[in-house]
Amino acid sequence: MGTWHKIIFGDCKDMREIPDGSVHLMVTSPPYFNAPFDYPGLFKDYDEFLDLMRAVAKELRRVLAPGRLACFVTQDVRIKGKLYPVVADINRIMMEEGFTYRDRIIWRKPEGYIRISRRSGVQIQHPYPMYFYPDNIFEEILILQNGKYRYPKINPDKFKPSKIDMREFNEGKWYLSVWDITNVLPLKGRLEEGIAAFPEEIPRRLIKLFTFVGETVLDPFLGSGTTTKVARLLGRNSYGYEIDLELKPIILEKIGYSPHPLTDDSFEICERADARKLRTFLQGRIKRQKSVTKKNS
Ligand SMILES: C[S@@+](CC[C@H](N)C(=O)[O-])C[C@H]1O[C@@H](n2cnc3c(N)ncnc32)[C@H](O)[C@@H]1O
Numbered sequence: 194m195g196t197w198h199k200i201i202f203g204d205c206k207d208m209r210e211i212p213d214g215s216v217h218l219m220v221t222s223p224p225y226f227n228a229p230f231d232y233p234g235l236f237k238d239y240d241e242f243l244d245l246m247r248a249v250a251k252e253l254r255r256v257l258a259p260g261r262l263a264c265f266v267t268q269d270v271r272i273k274g275k276l277y278p279v280v281a282d283i284n285r286i287m288m289e290e291g292f293t294y295r296d297r298i299i300w301r302k303p304e305g306y307i308r309i310s311r312r313s314g315v316q317i318q319h320p321y322p323m324y325f326y327p328d329n330i331f332e333e334i335l336i337l338q339n340g341k342y343r344y345p346k347i348n349p350d351k352f353k354p355s356k357i358d359m360r361e362f363n364e365g366k367w368y369l370s371v372w373d374i375t376n377v378l379p380l381k382g383r384l385e386e387g388i389a390a391f392p393e394e395i396p397r398r399l400i401k402l403f404t405f406v407g408e409t410v411l412d413p414f415l416g417s418g419t420t421t422k423v424a425r426l427l428g429r430n431s432y433g434y435e436i437d438l439e440l441k442p443i444i445l446e447k448i449g450y451s452p453h454p455l456t457d458d459s460f461e462i463c464e465r466a467d468a469r470k471l472r473t474f475l476q477g478r479i480k481r482q483k484s485v486t487k488k489n490s
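Each number in the numbering used here corresponds to the 1-based position in the sequence shown with 193 added.
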């Protein structure tokens, strides 16, 4: 049997296309607030970011089936020296909406990965107390549960396609609360260039661990389309929301879209009136900020 995938270009604070209780797992990485490299000025202020997360939490409570999970890949964001507690705030907002805090996994990146700055360099310049600023090499995967899950009676024949490969599970150390996974390298010319995509291995593990074949996965902040791609490869259906219309060709390429697919898989792409051309807008803003900084230096 083929899978279906629905991609909606529009604001995910309203997921009207999804019927109540019809999603079995949410995997996402929300925009990193106003992170200087990726999303400068995307939100007016931190409260506006939190308002979006509140609206998304409300929709997640509605669309997730009972007992199913919402997984957020995210990290606190530092802007001009101030650290915003994104992880704690998303957790609190989800719990206020009625979710249970089930688990937290640390996604550890290779040590050579330090994208923004080597903060620890300060200690090298000043080898004295109070100059310690660690380099960040991890993100968190927050796992929240929508009420109680009723475990089905396992029928080995029916459930065979969804059985976890225990060799892969053990060899990859999936059983630990720290997952060592290489990040998507920020190489020029990559399909995901400038998108802050997560590696396929993250949705791959979460989808295998928390859904059965034929069930439905949602990513409200789809970016380059990683979750849809992996859901399709694993025989799951999907919904994806993305506000930025300019990501459409990237998403279509990544998910292997074809209006006449050679497989039984089907795709539906909708553009809502609230979609925007976000990338051009934000890139313009970065350029303007850089020229102001240059002028002032
Ligand atoms: C961190 S990226 C997601 C990357 C994705 N996990 C991947 O692997 O490519 C966050 C995405 O959320 C999108 N976004 C921001 N605000 C949104 C909103 N209100 N509704 C839908 N998408 C939004 C951004 O345009 C961006 O592409």
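Beta carbons: idealized from backbone N, C-alpha and C, even for Gly.
Residue i, buried or exposed, once every other Cβ within 10 Å from all chains shown has been counted against 16
i	result
His-198	buried
Arg-209	exposed
Ile-283	buried
Asp-412	buried
Ile-347	exposed
Leu-378	exposed
Val-249	buried
Lys-422	buried
Leu-455	exposed
Asn-227	buried
Phe-403	buried
Asn-339	buried
Phe-414	buried
Thr-221	buried
Asp-437	buried
Leu-245	buried
Ile-211	buried
Thr-473	exposed
Glu-464	exposed
First through last residue of the beta strand (DSSP E) which encompasses residue i
i	result
Leu-245	Here Leu-245 belongs to no beta strand (DSSP E); instead the alpha helix (DSSP H) covers 239–256.
Met-194	That residue, Met-194, is in no beta strand (DSSP E); it is neither H nor E in DSSP.
Met-208	From DSSP, Met-208 is part of no beta strand (DSSP E); its letter is neither H nor E.
Residue i - partner residues in DSSP beta bridges
i	result
Lys-496	Missing from the structure shown is residue 496; the chain here goes from 194 to 490 and no further.
Arg-469	Asp-437
Trp-372	Trp-300
Leu-455	Paired residue(s): none; Leu-455 is not in a bridge.
Met-219	Ala-263 and Leu-411
Residue i beta carbon near ligand 1 (any heavy atom closer than 7 Å)
i	result
Ile-317	no
Asp-437	yes
Leu-471	yes
Asp-269	no
Phe-136	This structure leaves residue 136 out entirely; the chain is present only between 194 and 490.
Lys-206	yes
Ser-222	yes
Ala-263	no
Leu-257	no
Pro-322	no
Pro-413	yes
Phe-230	no
Gly-477	no
Glu-361	no
Ala-466	no
Ala-250	no
Tyr-368	no
Leu-445	no
Phe-460	no
Glu-241	no
Thr-180	What is shown of the chain runs 194 to 490, which leaves residue 180 out entirely.
Tyr-434	yes
Ser-417	yes
Ile-388	yes
Leu-218	no
Glu-210	no
Leu-399	no
Residue i: first and last residue of the uninterrupted alpha helix (DSSP H) it sits in
i	result
Pro-349	349–352
Phe-362	359–364
Requested in this report: For the segment 377–447, list the alpha helix (DSSP H) runs that are entirely contained and at least 4 residues long, ordered along the chain.
Outcome: 394–403 and 419–426
**Report entry** Runs of beta strand (DSSP E) lying entirely within the segment 258–346, each at least 3 residues, in chain order
**Finding:** 270–272, 275–277, 293–301 and 331–338
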